[in-house]
Amino acid sequence: MSSRAVSSNAGSSGSVSATGSATGSATGSVVSGGSSSSTLSIPQTAAAGGIFMTQPPQTANPSFYKIAPSNPITFAWNYTSLYVTPTSITVTAFCAANGFNYPVGGANGDGVYPGTVTSITWDPYAYQNSPGAQALAQETYTLRIQDERGANAVGTPGMMNAYSALKFALYKPGQATPLDQWSCPDCNSAMNLALHPGFISIVVTFTVMILSGYGLLRRGLAAGH
40 MSSRAVSSNA GSSGSVSATG SATGSATGSV VSGGSSSSTL SIPQTAAAGG IFMTQPPQTA
100 NPSFYKIAPS NPITFAWNYT SLYVTPTSIT VTAFCAANGF NYPVGGANGD GVYPGTVTSI
160 TWDPYAYQNS PGAQALAQET YTLRIQDERG ANAVGTPGMM NAYSALKFAL YKPGQATPLD
220 QWSCPDCNSA MNLALHPGFI SIVVTFTVMI LSGYGLLRRG LAAGH
């Protein structure tokens, strides 16, 4: 069976590389901490590694999230068909409306996490209020997750494909209006209608008709007795 050998260094910096011969087979080693090694062979027929989102569910319609205090967003996923765990991953939120790629959390605010991470929490409000942050647009975003090889790393058997399938939207809730500044447009419209001369005339006419009819009914009943 054709295969490719993968050599990865699990030291402090970490790297992953793949080698293979012209016939589609090779040998190599996986080094852990620089102290031990073993051979990892990936079949050429193996599927490329991927990501399956578990939170929020990957549906046709995007989930909506408020840009507001105490409203963090949790993204969670499972890796599929991986033979080699990424050394690191970078998570970003791409907004097509302004062309900006926003870093989603990370220890240094750069969206970078260890490759073993499968769940992260992002606070858009805290991000937007951090010094030098690009303002978040009230738009639809694409969640992007890629390993240390970058956004163009796709199609390698057993290694992670760059991911960009989940859509979500951010919005800002409307600001509250102080009670002493609040007005009711519908209430004002109703008041204007009630004060309109034509409306008053209709009400008076209708009232007179009811009273006249009631008087005639009483007289008719009295005559019958």
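My numbering applies: residue 40 is where the sequence shown begins, and numbers increase by one.
Virtual Cβ for every residue (Gly too), placed ideally from N, Cα, C.
- Cα atoms of A208 and S240: separation of roughly 53 angstroms, rounded to the nearest angstrom.
- Taking C-alpha positions only, F133 is separated from Y141 by approximately 6 angstroms.
- Spatial neighbours of M198 in its own chain (CB-CB distance under 6 angstroms, excluding positions within 5 residues in sequence) are listed in chain order as G88, V123.
- Distance from the CA of I90 to the CA of V156, rounded to the nearest whole angstrom, comes to 12 angstroms.
- DSSP lists V130, Y202 as the bridge partner or partners of I184.
- Rounded to whole angstroms, Q173 and N137 show a C-alpha spacing of 11 angstroms.
- Residue L182 holds the alpha-carbon nearest to the alpha-carbon of M92 among M248, L182, E187, T195.
- Between the C-alpha atoms of E187 and S109 there is a straight-line separation of about 31 angstroms.
- In terms of Cα proximity to I184, the closest of T113, K105, G150, Y164 is G150.
- Counting the other CB atoms within 10 Å of its CB gives P111 a total below 16, which places it among the exposed residues.
- Comparing alpha carbon positions, the residue from I128, D162, G194 closest to T113 is D162.
- Between G148 and I128, the gap from beta carbon to beta carbon reaches 8 angstroms or more.
- F139 places its beta carbon 8 angstroms or farther from that of Y210.
- Ranked by how close their Cα comes to the Cα of I106, the residues Y166, T126, G194 have Y166 in first place.
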